[in-house]
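Trainee: In the numbering used here, the protein residues as written are 5 to 284. Pasting in a structure now, in structure tokens, and then I'll have a few things to ask.
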Amino acid sequence: MDEPTPDVATGLPHHKKAWTQHDLLASTLSDYVDVLQKNGGRWPSWQIAPSSDNVHDDVVRLNSHLEKLGWMAKLTKDERWVLTVLPAPERQFPRSNTMLLFWVLSLLTLTLAGDHWMSNARPTEGWFHSSAFLDALLGYTLPILVVLFASSLVQRTVARRYGVRSGHLMPVPDFTIALYALGLFPSNWMFWPFGLLLIPTMPRMDARPWPDRASLGYTALTVPLVLGGAGAVLMIAGMSMTPEYLASAGMPLVSAPPLFLSLLAESFLSNDAFIRLLWA
5 MDEPTPDVAT
15 GLPHHKKAWT
25 QHDLLASTLS
35 DYVDVLQKNG
45 GRWPSWQIAP
55 SSDNVHDDVV
65 RLNSHLEKLG
75 WMAKLTKDER
85 WVLTVLPAPE
95 RQFPRSNTML
105 LFWVLSLLTL
115 TLAGDHWMSN
125 ARPTEGWFHS
135 SAFLDALLGY
145 TLPILVVLFA
155 SSLVQRTVAR
165 RYGVRSGHLM
175 PVPDFTIALY
185 ALGLFPSNWM
195 FWPFGLLLIP
205 TMPRMDARPW
215 PDRASLGYTA
225 LTVPLVLGGA
235 GAVLMIAGMS
245 MTPEYLASAG
255 MPLVSAPPLF
265 LSLLAESFLS
275 NDAFIRLLWA
């Protein structure tokens, strides 16, 4: 009696031609969206259709997978949805000691600017301290840096709610203020007396991957809103602490707040608000 012949292993099915990187990425994309057509361009790009009711949710799930492979998907709208796969950004964030250096240098330039603002109208005992350096530090530098740091924390918190890591604000110091503080240049040449040049977010907000434009827009609005609100509070507080009459050793640096803030100050400080603006 003949014994049954054992089944011969046929092996796993395989492609006769090796996949390219485009093929591999297209196969990955097809697990999350419907790939319609391949586009040309420097980076792999496809026309797609959403596989669910919300294409943005599909892209978020896709990016969670691509992140492990060192890639990220960017969604744009043409006649159809277009998905472009790019290398995930790396090493975008500055080192901690670099950030600390910029903040310390900004503290110095802000203090020089504050001393220059306050020098011509400082009382004998000072506004906050008899030392001119500490007076400028307490009355000008620290309020600005505290507001900037609070704005940075709020921005990072809002970005984290959208699943994005955002950088801190990095104030850029203005070293030219030292030329005026040391008396090398006359004060009437000064056109930017604030001690800071820029207050960028590092890395730039648009350089980070965001789930959609709305999340980028809402996060980017946090810093101007915090700065505007805190600036109005500080302006009112400064004007309320300013006397109506004060002996001055020189022409004061007259501030020009926005019209709505001037009207708001007038409602809080009555009719002498505009006189106080000369010293605030």
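C-beta atoms are modelled at their ideal positions from N, C-alpha and C, and glycine is treated no differently.
Counting only the same chain and skipping the five closest in sequence on each side, list residues whose C-beta sits under 6 Å from that of residue 141.
Mentor: Reading the sequence shown from its first residue, position 137 is the one you call residue 141. When the five nearest sequence neighbours on each side are left out, the beta carbons in the same chain lying within less than 6 Å of the beta carbon of residue 141 are those of 115, in order along the chain.
Trainee: Identify every residue that forms a DSSP beta bridge with residue 38.
Mentor: The count along the sequence shown starts at 1 and reaches residue 38 at position 34. BP columns for residue 38 point to 53.
Trainee: Could you please give the first and the last residue of the uninterrupted alpha helix (DSSP H) stretch that includes residue 117?
Mentor: Locating residue 117 in the sequence shown gives position 113, counting from the first residue. Counted as a single uninterrupted DSSP element, the alpha helix (DSSP H) harbouring residue 117 occupies residues 100–122.
Trainee: Between residue 188 and residue 105, what straight-line distance do the alpha-carbon atoms span, to the nearest angstrom?
Mentor: Residue 188 sits at position 184 when you count from the first residue of the sequence shown. Residue 105 sits at position 101 when you count from the first residue of the sequence shown. Each residue's Cα considered, the two are about 26 Å apart.
Trainee: Can you tell me whether residue 72 is helix, strand or coil according to DSSP?
Mentor: Reading the sequence shown from its first residue, position 68 is the one you call residue 72. Helix at residue 72.
Trainee: For residue 159, count neighbouring C-beta atoms within 10 Å of its own C-beta (all shown protein chains included) and say buried if the count is 16 or more, exposed if not.
Mentor: As a working mapping, residue 159 is identified with position 155 in the sequence shown. With 16 or more other Cβ atoms within 10 Å, it is buried.
Trainee: Out of 74, 102, 62, state which residue places its alpha-carbon closest to the alpha-carbon of residue 172.
Mentor: What you label residue 172 is simply residue 168 of the sequence shown in a count that begins at 1. Among 74, 102, 62, the Cα nearest to that of residue 172 is on 102.
Trainee: Looking only at C-alpha atoms, which of 243, 228, 35, 157 sits nearest to residue 68?
Mentor: Taking the first residue of the sequence shown as position 1, residue 68 is located at position 64. Of the candidates 243, 228, 35, 157, the one whose C-alpha sits nearest the C-alpha of residue 68 is 35.
Trainee: Which residue marks the beginning of the alpha helix (DSSP H) containing residue 200, and which one marks its end?
Mentor: Here residue 200 corresponds to residue number 196 of the sequence shown, with the count starting at 1. Unbroken run through residue 200 is the beta strand (DSSP E), 200–202; no alpha helix (DSSP H).
Trainee: Identify the continuous beta strand (DSSP E) that holds residue 91 and give its terminal residues.
Mentor: In the sequence shown, residue 91 corresponds to position 87, counting from 1. Residues 85–91.
Trainee: Grab the span of the alpha helix (DSSP H) containing residue 25 for me, first residue to last.
Mentor: As a position in the sequence shown, residue 25 is number 21, starting the count at 1. Per DSSP, the continuous alpha helix (DSSP H) segment holding residue 25 begins and ends at 25–33.
Trainee: Is the beta carbon of residue 149 sitting closer than 8 Å to the one on residue 176?
Mentor: Reading the sequence shown from its first residue, position 145 is the one you call residue 149. Reading the sequence shown from its first residue, position 172 is the one you call residue 176. Cβ distance not < 8 Å, so residue 149 and residue 176 don't count as in contact.
Trainee: How long is the line joining the alpha carbons of residue 80 and residue 86, rounded to whole angstroms?
Mentor: Numbered from its first residue, the sequence shown carries residue 80 at position 76. Numbered from its first residue, the sequence shown carries residue 86 at position 82. Cα-Cα distance, rounded: 5 Å.
Trainee: Spell out the partners DSSP gives residue 176 in its beta bridges.
Mentor: For the purposes of this step, residue 176 is taken as the residue at position 172 of the sequence shown. Answer by DSSP bridge pairing, in chain order: 202.
Trainee: Helix, strand or coil: which one does DSSP assign to residue 22?
Mentor: If you number the sequence shown from 1, residue 22 lands on position 18. It is coil, neither helix nor strand.
Trainee: Going by DSSP, what residues sit across from residue 43 in a beta bridge?
Mentor: Position 39 of the sequence shown, counted from the start, is the residue given in the question as residue 43. In DSSP, residue 43 forms a bridge with 49.
Trainee: How many angstroms separate the CA atom of residue 31 from the CA atom of residue 206?
Mentor: For the purposes of this step, residue 31 is taken as residue 27 along the sequence shown, with counting starting at 1. For the purposes of this step, residue 206 is taken as residue 202 along the sequence shown, with counting starting at 1. So the two alpha carbons sit approximately 35 Å from each other.
Trainee: Whose CA, out of 58, 237, 84, lies closest to the CA of residue 4?
Mentor: There is no way to answer for residue 4, as the model of the chain reaches only from 5 to 284.
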